[in-house]
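*Asks:*
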Amino acid sequence: MKRLILLTLAGAFMLPLPAPVAAQATQSLDLKEWPVEWGGRTRDPFVAPDGKVWFVGQQGNYIANFDPATEQFRRFEVEEGTNPHNLIVDDEGFVWYSGNRNGRIGKLDPATGEAEIFMMPDQNVRDPHTLTFDGNGNIWFTAQGANRIGRLDMETGVIDLIVPNEQPSNPYGIEVDEEGHPWVALFRTNTVVRVDPETLELTRFEKANDASRSRRIALTGDGMVWYLDQPRGFLGRIDPATRETAEWQAPGGAQSSPYAITADDQGRLWFSETGPVKQLVGFDPQTEEFFSVNPVSGTIRHMMFDTETGSMWFGTDANQIGRIVVRVPVTD
Numbered sequence: 320m321k322r323l324i325l326l327t328l329a330g331a332f333m334l335p336l337p338a339p340v341a342a343q344a345t346q347s348l349d350l351k352e353w354p355v356e357w358g359g360r361t362r363d364p365f366v367a368p369d370g371k372v373w374f375v376g377q378q379g380n381y382i383a384n385f386d387p388a389t390e391q392f393r394r395f396e397v398e399e400g401t402n403p404h405n406l407i408v409d410d411e412g413f414v415w416y417s418g419n420r421n422g423r424i425g426k427l428d429p430a431t432g433e434a435e436i437f438m439m440p441d442q443n444v445r446d447p448h449t450l451t452f453d454g455n456g457n458i459w460f461t462a463q464g465a466n467r468i469g470r471l472d473m474e475t476g477v478i479d480l481i482v483p484n485e486q487p488s489n490p491y492g493i494e495v496d497e498e499g500h501p502w503v504a505l506f507r508t509n510t511v512v513r514v515d516p517e518t519l520e521l522t523r524f525e526k527a528n529d530a531s532r533s534r535r536i537a538l539t540g541d542g543m544v545w546y547l548d549q550p551r552g553f554l555g556r557i558d559p560a561t562r563e564t565a566e567w568q569a570p571g572g573a574q575s576s577p578y579a580i581t582a583d584d585q586g587r588l589w590f591s592e593t594g595p596v597k598q599l600v601g602f603d604p605q606t607e608e609f610f611s612v613n614p615v616s617g618t619i620r621h622m623m624f625d626t627e628t629g630s631m632w633f634g635t636d637a638n639q640i641g642r643i644v645v646r647v648p649v650t651d
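Now the structure itself:
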């Protein structure tokens, strides 16, 4: 007979109990948060090949890393006015970050602290937002206020820009599927778009409700596209093959304001609720049930799942860097 091992909540501070979730069994997982002394809205952590967790202080205008083994932080300065929004780390350990207020993408060398700068080819594109690798030598990114989707060739530095919508659409979250197609949530519309990396042409997919607005999306191995409906408080799914949609009310209800979302290596979805109650929620597409609700210190705006450790990393507006271990041990 199998039994579930409930892991102890190992937090850097005491957290309140999660809000009640009707007719749902909630698993307690190993969650911990660490305070960041520099503050400045810590966000968008990314695990490097050496295990260090990199993140930005958006309002504090810095980049930093956290070593889980020693629980030590290290800060790196960037150009004044950069206000980095997001970062990703390549296989060689270089840190790529978006200059959200000065129209650039930077490549930081942790060994020297020096950065190579790639300026936007259009001076009106001052707000590179979220970055992602495509596995083919490119970084795809969004520029929300500028209404652009971009591609940076990591070798040549050439940047291509796409206008995804005639009217301002606020391109926000971006993910790349297994075939190399970028998918982008157009936050100001009820659509998600897929980019053809060869022709740069777009294919549009509508969500379940005309009023739906999503900041971020997640892709699962079965080809499904998942989104969060922030104003209505729903988790939604698009089947690109059939264009069929489905949605589930988030545990926090209509006021839950779901924001960040990612998938783990078991095909389960994890998303943040940023309404009156700040919590991290797990959803299993196989059972169509919310199986885990975990209180956190503040609003989570972006997350990253680390396959190596089975852990998901996040930052909160309470200036904490957090980790939740999402592989739940099971014994016979």
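Position one of the sequence shown corresponds to residue 320 (the working numbering), numbered consecutively onward.
The beta-carbon is built from N, C-alpha and C at its ideal position, and this holds for glycine as well.
(1) Using 8 Å as the cut-off, can you tell me whether the region 427-435 makes contact with the region 444-453, which would need three or more C-beta pairs spanning the two stretches below that distance?
(2) Are Leu-519 and Arg-513 touching if we call contact CB-CB under 8 Å?
(3) Inspect the CB distances between the region 572-591 and the region 547-564 and report whether three or more fall short of 8 Å.
(4) Opposite Leu-599 in the DSSP bridges: which residues?
(5) Have a look at the DSSP bridge pairing and note the partners of Glu-525.
(6) Is the beta carbon of Gly-469 less than 8 Å from the beta carbon of Asp-479?
(7) Could you give the DSSP three-state label for Ala-462: helix, strand or coil?
(8) Indicate the three-state DSSP secondary structure (helix, strand or coil) for Gln-568 in the structure shown.
(9) Excluding the 5 residues preceding and the 5 following Asn-484 in the sequence, name in chain order all residues of the same chain whose CB lies nearer than 7 Å to its CB.
(10) Alpha carbon to alpha carbon, how far is Asp-584 from Val-644? Give it in angstroms, no decimals.
(11) Please check the pair Met-473 and Gly-456, which I expect to be a contact at CB under 8 Å, by giving their CB distance rounded to whole angstroms.
(12) Return the residue from the list Pro-595, His-404, Gln-463 that minimises the CA-CA distance to Gly-379.
(13) Counting only C-beta atoms, is Thr-361 closer than 8 Å to chain D at any point?
(14) For Ala-388, which residues from the same chain have a beta carbon less than 8 Å from its beta carbon, with the 5 sequence-adjacent residues on both sides left out?
(15) What three-state label does DSSP hand Ala-573 in the structure shown?
(16) Given that a residue counts as buried once 16 or more other Cβ atoms are within 10 Å of its Cβ, and exposed if not, what is Ala-367?
(17) Just confirm the distance between the C-beta atoms of Ile-536 and Val-495, as a whole number of angstroms; I'd bet it's less than 8 Å.
*Replies:* In brief:
(1) no
(2) no
(3) yes
(4) Ser-591, Asn-613
(5) Thr-510
(6) yes
(7) strand
(8) strand
(9) Asn-466, Leu-505, Thr-508
(10) 12 Å
(11) 5 Å
(12) His-404
(13) Absent here is chain D; the protein component of the structure consists of one chain.
(14) Gly-370
(15) helix
(16) buried
(17) Rounded, the Cβ-Cβ distance is 11 Å, inconsistent with contact.
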